[in-house]
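> Input: one structure, supplied below.
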Amino acid sequence: MANKASKPTDALIGHDAWNIQLDKNGNLKHFLTTEGLGSDMLTRILDTAESFANVNEKSVKKVPLLRGKTIVNLFFEASTRTRTTFELAAKRLSADVLNINISTSATSKGETLLDTLKNIQAMHCDMFVVRHSDSGAAHFIANNVAPDISVINAGDGSHAHPTQAMLDMFTIRRRKGHDFGALRVAIVGDVMHSRVARSQIHALNTLNTGEVRVIAPRTLIPVDIEDMGVNVFYDLQNGIADADVVIMLRLQKERMQGAMLPSEQEFYHLYGMTEERLQVARPDAIVMHPGPINRGVEIDSSVADGPRSVILDQVSYGIAVRMAVMTMTLGREKENREPEDAR
Ligand code: CP
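Here our numbering = 1-based position in the sequence shown + 560.
Structure below.
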């Protein structure tokens, strides 16, 4: 990590990058990637989220765990689900939330990421939630903030989107039970450019999923993907056969350089998920998508809105999972376990 640099790059994500996520006691300090975290830690996140799912179902959806804490949402890239559920999660934990609009901030006048960061840090905040188009941006920020500030990666380039992956694991666990070893999970679409797929694959393998498959045209599969412990399929029907969970990915056109596909219509013709194609998956298979969905490109409306779709559950569970990660990184996990009247 080049601490003195002012702009993150892919080179910033070294093999030991995940080490900075844990403090000296092995607790979560930052949440930057699912890679390198053990199954104990991922299960702790899921179990903590379970307790917050109950809060979200109450008429008063608020607990005082992060009262007095200030959380800054720093989104350099567009977002609907992630930004709003992080904001809701922080508010339900009673934190103060600051949403920095980058398009109207001094960044648009040429201020570097590091200078933006230092100025906001001078306002005595406790956490940065960061989305950035550069892979490595969240690591860069975690390596440059004051020691008492936590950083959560809300999606960096094509590298990682760890809270999305954990809300996906939470959704799978709620629908399919705790035994990931019994599951076959098929991830379909633009794996090449997907930070979500990378974070999901790390999490699924750490949780000992029975089989993880990726299905896409050759142009959208990274050459070394098998090293991540997945089986590769180029044919959709073979790939989703007997799957318990089918995860559809968006075509990330904003990250494609050059023509990687003949057309969206051709992609839909070969890889778009329809009711008819889904018949080869297990009868109780669920269909997931991190959003935003492109109807008629990667998924047909009859599937997206159909009985097997859990797409909107994923969004709802995102609040509980983000509440869990915020509580854990700010060192309030123990207080969450105490009875409410003892706080
Ligand atoms: N899944 C996801 O990251 O969606 P947004 O881009 O809307 O945050």
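Where is the CB? At the ideal position from N, CA and C, for every residue including glycine.
Quick caveat: nothing in here was measured; it's all calculated off a predicted structure.
Compute every distance between the C-beta of T593 and the non-hydrogen atoms of the ligand CP, then say whether any falls below 6 Å.
Because no heavy atom of the ligand CP lies under 6 Å away, the Cβ of T593 does not count as near it: no.
> CB of P905 to nearest heavy atom of the ligand CP: below 6 Å?
No answer is possible for residue 905: the residues shown for the chain start at 561 and end at 903.
> Counting pairs of beta carbons, one from the segment 858–871 and one from the segment 770–785, are three or more of them closer than 8 Å?
They do not touch, by the three-pair rule.
> Going by beta carbon distance, what residues of the same chain come within less than 6 Å of G878, once the five residues before and after it are set aside?
Counting only Cβ-Cβ distances below 6 Å, and skipping sequence neighbours, we find T645, L727.
> Can you give me the start and stop residues for the alpha helix (DSSP H) that D675 sits inside?
Counting along the chain, the alpha helix (DSSP H) containing D675 begins and ends at 673–681.
> Tell me which residues share the same chain as G715 and place their Cβ nearer than 6 Å to its Cβ, disregarding the 5 neighbours each side in the sequence.
Only R691, H721, R755 meet the Cβ criterion.
> Comparing the CB of T642 with every heavy atom of the ligand MN, is any distance shorter than 6 Å?
This structure lacks the ligand MN; its bound ligands are the ligand CP.
> Would P850 be called buried (16 or more neighbouring beta carbons within 10 Å of its own) or exposed?
The residue in question, P850, is buried, as its Cβ has 16 or more Cβ neighbours within 10 Å.
> Using a threshold of 6 Å, is the CB atom of P867 nearer than that to any non-hydrogen atom of the ligand CP?
Not so, every heavy atom of the ligand CP lies at least 6 Å from the Cβ.
> I'd like the ranges of any alpha helix (DSSP H) spanning at least 4 consecutive residues and lying wholly in the segment 641–728.
Runs found: 641–652, 673–681, 697–702.
> Taking 6 Å as the cut-off, is the CB of G823 close to at least one heavy atom of the ligand CP?
One point to set straight first is that residue 823 is Ser, not Gly, in the sequence displayed. No, Cβ of S823 sits at least 6 Å from all heavy atoms of the ligand CP.
> Give the list of continuous alpha helix (DSSP H) stretches no shorter than 4 residues that lie fully inside the segment 856–880.
Runs found: 861–864.
> Looking at the structure shown, is M833 part of a helix, part of a strand, or coil, going by DSSP?
It is a strand residue.
> Taking 7 Å as the limit between beta carbons, can you name the residues of its chain near E786, skipping five residues before and five after?
Correct list, in chain order: V792.
> Nearest-angstrom Cα distance between D860 and D844?
The straight-line gap from Cα to Cα measures roughly 19 Å.
> For the alpha helix (DSSP H) containing T766, list its first residue and its last residue.
T766 -> alpha helix (DSSP H) spans 755–766.
> Compute every distance between the C-beta of S639 and the non-hydrogen atoms of the ligand CP, then say whether any falls below 6 Å.
Within the cutoff, so yes.
> Taking just the CA atoms, how far does T642 sit from A562?
Below a pLDDT of 50, predicted positions are generally treated as unreliable, and A562, at 31, falls in that range; the measurement from the model is reported next regardless. Roughly 28 Å between the two C-alpha positions.
> With a threshold of 6 Å, establish whether the CB of Q724 neighbours any heavy atom of the ligand CP.
Answer for Q724: yes, Cβ within range of the ligand CP.
> Hey, which unbroken runs of the beta strand (DSSP E) at 3 residues or more fall wholly within the segment 778–803?
Runs of the beta strand (DSSP E) inside the segment 778–803: 791–793.
> Are the segment 734–741 and the segment 698–711 in contact at 8 Å, needing three or more beta carbon pairs?
Segments in contact, no.
> Does DSSP classify I853 as helix, strand or coil?
Looking at I853 - three-state DSSP - the assignment turns out to be coil, as it is neither helix nor strand.
> Going by DSSP, name the residue or residues bridged to E540.
With the chain running from 561 to 903 in the structure shown, residue 540 is simply not present.
> What's the C-alpha gap between D675 and A801?
Their backbone Cα atoms lie some 51 Å apart in a straight line.
> Would you please state the rounded distance, in angstroms, between the beta carbons of G749 and E858? I believe it to be under 8 Å.
Yes, they are in contact, since the Cβ atoms of G749 and E858 sit about 5 Å apart, within 8 Å.
> Can you give the Cα-Cα distance for D570 and S718, rounded to whole angstroms?
With a pLDDT of 45 at D570, under the threshold of 50, the predicted position of this residue should be treated as unreliable, and no value is reported.
> In terms of residues, what are the limits of the alpha helix (DSSP H) holding V620?
Segment: none, V620 is in no alpha helix (DSSP H) and carries neither H nor E.
> Would you report the Cα separation of K556 and N614, rounded to the nearest angstrom?
Beyond the ends of the chain as shown, which are 561 and 903, falls residue 556; an answer cannot be given.
> Need the endpoints of the beta strand (DSSP E) that N633 sits in, please.
Element bounds for N633: 630–635.
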